[in-house]
Amino acid sequence: MSSVRICVCGDEGTGKSSLITSLVKGVFVTNKIQPVLPQITIPPTLGTPENVTTTTVVDTSALPQERNNLAREIRKCNVILLVYSDHYSYERVALFWLPYFRSLGVNVPVVLCANKSDLATGHSETRVVEEEMLPLMAEFKEIDSCIRTSAREHRNVNEAFFVCQKAVTHPIAPLFDSKEAALKPAAVAALQRIFYLCDKDRDGYLSDKELEDFQVRCFSKPLNEADLNHIKDTIQKACPDSVTESGIDCQGFIHLNKLYSEKGRHETVWIILRAFQYTDNLSLQEKFLHPKFEVPPFASAELSPEGYRFFVNLFLLSDKDNDGGLNEAELASLFAPTPGLPASWADGSFPSSTVRNEAGHVTLQGWLAQWSMTTFLSPKTTLEYLAYLGFEPSESDQSITAALKVTRPRRKRRRPGRVGRNVVQCHVLGAPGSGKSALLDALLSRGFSTTYHPTIQPRTAVNTVELPGGKQCYLILDELGELEPALLENKSKMLDQCDVIAYTYDSSDPDSFSYIPALLAKYPHLEELPSVFVALKADLDRTTQRAEHQPHEYTAMRNMPSPPLHVSVTWSSIQEVFVHIAEAAMEPSTAFPRSEEDVEGKWMSWGIALGAVVCAGAAAVMIWRRVGSGN
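See below:
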């Protein structure tokens, strides 16, 4: 909010113009002033809310012939200062003015102003508030606040317009339900999230140190001991159990903000909310949740070291029982400041998509793998949850995008060289019953199940794979289920996201392999992706395939670098398949069919090398003979 427009309304003779003149001049003007003043613009002064640059005050007339102008100004304003000065004009507030505002369909706060308080003899402040103002506030929720003024005595004139500014910049309506005398649910939810984020050790209490950090973040000044003790005493009077040696709990923190709202100090609550990126409707700022982050074509997003460090610390803080896994309760607590699990996690049957311990709880390895996959597939989701979960970059001039990094775009896949990625994706394709699901389970070190369950919905698994040389990468295996045709038809997405394809078949089923040539014939663009052929169920008797070419003949005919890998998920050597797949993704040129030129070039290289060896041998023999004859 950069400017505030105040529309001053009320019956004729209530002192509207005198209030405005007294505001501008600083004193009461005894001379007769014009019935309706021209609008004035006030620059910010001491006490003006920091996010207000200018304030425009518009005077209005209540005369019937001016009703169109009145309606136009009301629709343009941010806040209405509704002035009354006697019993008649007070009665008109409820009978005419507030219903009139509603009839215009405006949704702006109203500040009720009891003017000419210098004439109200025998009426105490408390009596006016209780008998006049509170009943109106109870009936009309649009009334933000009330104030008594006197233009003649210049009493509360500046304060009245300051209250109008606050009604716009720090509205009470989204925070507090005056009828229920309680904070509204959205405000409670926002404050609960703020408490969670400030509770750095996740012990359920804000310690003195955490309160001091909170104070500095919100108000840019330290919390002295006297103020700290006053806060604790205030909370303890209403919530005795909320203050302990460990600090104050969430209930006490919520109650403190309720007191601020009740006592007209709701700007304090707004300062807190805005320090944590909340908007006027108590949602997080769009630019905070979804900062600009572009991933070029053929590049990918990954967690940066800072991002991995954040998720490691979050896991360790949330693992309350220190069993090395996050159970359902711990996961629920961890995701409390968010809308819940990411939609992609729910669709992917989390936590079965990643590594779990024997109790079925997500391990640290699985936790990091899941976020690595989420960042690869949907970096915007990771950024959104980093914002919800309270990620703070190490440098103050950075945003939450510091938790991510963008890899170099892939070069042409057939060009020799390694890709600069730590996360790779593989689509697992093959006939129904070929063992695709078992392969995904094996990646997660799950036991083999003899019961066959056809895959309907797409399924994903992710885990780390150790490459030759000790380097690790995250391998994502996808089984496409019934969506396979639709996904394979999307050529551009396939070529952009997928790093390698694993073609699988059941080596004990004679009808299994024929699915692969048919698939490649139907979707010829799959030829543009690196591929690995895997013969599963090698622990069973191998059978001849009912296909035009046997698997080894087919791969040889295509000049594939290697024949199908024969393996069983029940063998320990299954891990070599994942290494082979990851290596094919990391060095894609090694997983394409070799061209005729490559093959001829290879034979030529061997021929040249063999010729060089023969020539070198012949030369050595001749030299030996000459040396021998010379002796």
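Sequential numbering of the sequence shown, starting at 1, is according to the UniProt record's numbering.
Glycine included, C-beta positions come from ideal geometry on N, C-alpha and C.
Check: Please report the distance separating the alpha-carbon of C218 from that of A226.; Outcome: 18 Å
Check: Check this for me: beta carbons of L443 and F533, under 7 Å apart or not?; Outcome: no
Check: Can you list, in chain order, the residues of its chain with a C-beta nearer than 6 Å to that of F140? Leave out the 5 residues immediately preceding and following it.; Outcome: L98
Check: For D177, which of L259, Q545 and D11 has the nearest alpha-carbon?; Outcome: L259
Check: Based on the DSSP output, what are the partners of K405 in its beta bridges?; Outcome: E302
Check: Across the region 463–480 and the region 387–396, are there enough close Cβ pairs to call them in contact, namely three or more that are closer than 8 Å?; Outcome: no
Check: Check each candidate in I20, H453 and Y88 and name the one with the smallest Cα separation from H154.; Outcome: I20
Check: Rounded to a whole number of angstroms, what is the C-alpha to C-alpha distance between L316 and A402?; Outcome: 21 Å
Check: Assuming Y505 and S512 make a contact with CB atoms under 8 Å, what is their CB distance in whole Å?; Outcome: 4 Å
Check: Which residues in the same chain have their Cβ closer than 7 Å to the Cβ of L228, if we skip the five residues on either side of it in sequence?; Outcome: D208 and L211
Check: Check whether the Cβ atoms of residue 632 and T363 sit closer than 7 Å, and answer yes or no.; Outcome: One cannot answer for residue 632 here, as it falls past the ends of the chain, which runs 1 to 631.
Check: How is the alpha helix (DSSP H) around T543 delimited, first residue to last?; Outcome: Careful: T543 lies outside any alpha helix (DSSP H) and carries neither H nor E.
Check: DSSP three-state call for A609: helix, strand or coil?; Outcome: Unreliable placement is indicated for A609, whose pLDDT of 47 sits below 50; the coordinate value is still reported in the next sentence. In the structure shown, A609 sits in a helix (DSSP, three-state: H, G or I).
Check: Could you have a look at C7 and say whether DSSP puts it in helix, strand or coil?; Outcome: strand
Check: Quick check for students: name the residue ranges of the beta strand (DSSP E) that lie wholly in the region 246–315, counting only runs of 3 or more.; Outcome: 247–249 and 301–303
Check: Tell me whether R148 sits in a helix, a strand or coil according to DSSP, three-state version.; Outcome: strand
Check: If we count the other Cβ atoms within 10 Å of its Cβ and call it buried at 16 or more, is V243 buried or exposed?; Outcome: buried
Check: Work out the CA separation of P305 and W603 for me, nearest whole Å.; Outcome: Model confidence at W603 stands at a pLDDT of 38, short of 50, so the residue's coordinates are unreliable and nothing is read from them.
Check: Would you mind working out which of K491, L314 and P432 sits nearest H453, comparing C-alpha positions?; Outcome: P432
Check: Can you tell me where the beta strand (DSSP E) with C426 in it begins and where it stops?; Outcome: V423 to G430
Check: Going straight from the alpha carbon of N68 to that of G26, what length do you get?; Outcome: 31 Å
Check: Assign S531 to one of three DSSP states: helix, strand, or coil.; Outcome: strand
Check: Starting from A190, trace the alpha helix (DSSP H) in both directions and tell me its first and last residue.; Outcome: P185 to C198
Check: Measure the C-alpha to C-alpha separation of C9 and V36 and round it to an integer number of angstroms.; Outcome: 11 Å
Check: Does the region 184–195 come close enough to the region 235–242 that 3 or more CB-CB pairs lie under 8 Å?; Outcome: no
Check: Looking at D539 and S572, is the spacing between their C-beta atoms short of 7 Å?; Outcome: no
Check: In the region 462–502, which residue ranges form an unbroken alpha helix (DSSP H) of at least 4 residues, counting only runs that do not cross its ends?; Outcome: 484–489 and 491–497
Check: Just verifying my parser: in three-state terms, what is the DSSP assignment at V58?; Outcome: strand
Check: With distances taken Cα to Cα, identify the nearest neighbour of K471 among P517, M586 and S437.; Outcome: M586
Check: In whole angstroms, what separates the C-alpha of S17 from that of S85?; Outcome: 13 Å
Check: Between T338, D441, F288 and N463, which has its C-alpha nearest W367's C-alpha?; Outcome: N463
Check: Just to confirm before moving on: does the CB-CB distance between L488 and P458 stay below 7 Å?; Outcome: no
Check: DSSP beta-bridge partners for G325?; Outcome: T363
Check: Below 8 Å, can you find three or more Cβ-Cβ pairs linking the region 328–345 to the region 417–432?; Outcome: no
Check: What does the Cβ neighbour count give for V168, buried or exposed, with the cut at 16 atoms within 10 Å?; Outcome: buried
Check: For the candidate residues V465, H549, K493 and T56, whose alpha-carbon lies nearest to that of A582?; Outcome: V465
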